[in-house]
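See below for the structure under consideration.
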Amino acid sequence: MSINVSVFLVGRAILFAIIFTSCLLKILALDNGLTRTPPMGWLSWERFRCNVDCKNDPNNCISEKLFMDMADKMASGGYKKAGYEYVIIDDCWSEKKRDQNGRLQADKNRFPSGIKKLADYIHSKGLKFGIYGDFGTLTCGGYPGSIYYLEADANTFAEWGVDYFKMDGCYAEIEQFDEGK
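The numbering of the sequence shown is this note's numbering, which starts it at 199 and goes up by one.
Put into structure tokens, the structure is as follows:
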């Protein structure tokens with residue numbers, strides 16, 4: 199038998215042994231509560247961007263109504279059953295300024311019931327609620343960023359019942375990414 203044939207046969211035997219052993223062993227995974235699939239849901243950005251003109255475009259603006267309608271559709275249209283569980287507000291949901299305590303606040307005209315009530319509504323449909331923030335001084339759309347308010351914003355989002363947080367990096371200095379304040 200030539201050396202090439204021997205190497206080939208040994209290689210095949212090793213490959214077979216690896217495959218056979220793999221089939222016999224129990225597959226081990228971390229039991230840490232994390233899912234094997236990515237978070238799946240609906241995020242407003244691609245379709246609605248920063249459309250905040252609810253007066254002239256009420257069906258296509260970033261508003262409480264839009265997200266309640268989407269939660270209804272996801273819950274009743276089979277999306278939830280297929281694994282889509284997040285309804286996520288992207289940029290342009292807040293007021294242009296923080297409140298007197300330095301906290302983020304939803305635009306009062308477009309989210310008249312507030313974010314907590316919206317999160318509760320989405321949760322009542324068996325879905326999870328996500329929201330957008332930005333590490334910089336402003337969001338990409340020019341709304342208040344989180345750089346000097348990280349702890350306050352985290353507490354606010356927790357009080358509102360946020361399940362998912364999308365962090366952007368507009369108006370942020372790269373040197374601040376490992377720092378936070």
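Built from N, CA and C at the ideal position, the CB exists for glycine as well.
Fair warning: this is a prediction, and the values are worked out from it, not measured in the lab.
Whole-angstrom distance between residue j and residue i, CA atom to CA atom
{"i": "Ile329", "j": "Phe363", "result": "5 Å"}
{"i": "Ser261", "j": "Ile286", "result": "12 Å"}
{"i": "Met266", "j": "Tyr346", "result": "31 Å"}
{"i": "Asn257", "j": "Lys271", "result": "14 Å"}
{"i": "Leu264", "j": "Lys278", "result": "17 Å"}
{"i": "Gly275", "j": "Tyr282", "result": "11 Å"}
{"i": "Ala352", "j": "Lys326", "result": "17 Å"}
{"i": "Asp305", "j": "Arg296", "result": "10 Å"}
{"i": "Thr354", "j": "Leu348", "result": "10 Å"}
{"i": "Glu244", "j": "Ala280", "result": "21 Å"}
{"i": "Cys252", "j": "Cys259", "result": "5 Å"}
{"i": "Ser242", "j": "Arg210", "result": "52 Å"}
Contact set for residue i: own chain, Cβ-Cβ below 8 Å, skip 5 residues either direction
{"i": "Ile372", "result": "none"}
{"i": "Leu336", "result": "Pro342, Gly343, Cys368 and Tyr369"}
{"i": "Asp255", "result": "Asn249"}
{"i": "Phe375", "result": "Phe333 and Gly367"}
Three-state secondary structure assigned by DSSP to residue i
{"i": "Met272", "result": "helix"}
{"i": "Tyr284", "result": "strand"}
{"i": "Ser322", "result": "helix"}
{"i": "Ala370", "result": "coil"}
{"i": "Leu316", "result": "helix"}
{"i": "Leu348", "result": "helix"}
{"i": "Leu264", "result": "helix"}
{"i": "Asn249", "result": "coil"}
{"i": "Arg210", "result": "helix"}
{"i": "Asn254", "result": "coil"}
{"i": "Asn299", "result": "coil"}
{"i": "Asn416", "result": "The chain is shown only over 199 to 379; residue 416 falls outside these bounds and no answer can be derived."}
Sheet register partners of residue i (DSSP bridge)
{"i": "Ile329", "result": "Ile287 and Phe363"}
{"i": "Trp358", "result": "None, per the DSSP bridge assignment."}
{"i": "Leu336", "result": "Pro342"}
{"i": "Ser292", "result": "Ala304"}
{"i": "Trp240", "result": "Val285"}
Nearest-angstrom Cβ-Cβ length linking residue i and residue j, presumed shorter than 8 Å
{"i": "Lys294", "j": "Tyr369", "result": "With a Cβ gap of about 14 Å, Lys294 and Tyr369 do not count as contacting."}
{"i": "Tyr284", "j": "Gly239", "result": "3 Å"}
{"i": "Ser420", "j": "Leu302", "result": "The question about residue 420 has no answer here: the residues shown for the chain are numbered 199 through 379."}
{"i": "Ala269", "j": "Ile313", "result": "Wrong, their Cβ atoms sit about 13 Å apart, outside the cutoff."}
{"i": "Ala350", "j": "Gly300", "result": "6 Å"}
Same chain, Cβ closer than 7 Å to residue i, neighbours up to 5 away in sequence not counted
{"i": "Cys338", "result": "Asp289, Asp332, Asp366 and Cys368"}
{"i": "Val360", "result": "Ala317, Phe327, Gly328 and Ile329"}
{"i": "Pro237", "result": "Tyr284 and Tyr362"}
Sequence-distant residues of the same chain with beta carbon closer than 6 Å to residue i, five excluded per side
{"i": "Phe309", "result": "Glu262"}
Residue i CB to nearest heavy atom of the ligand FMN below 8 Å
{"i": "Tyr330", "result": "Here there are no bound small molecules, and the ligand FMN is not part of this structure."}
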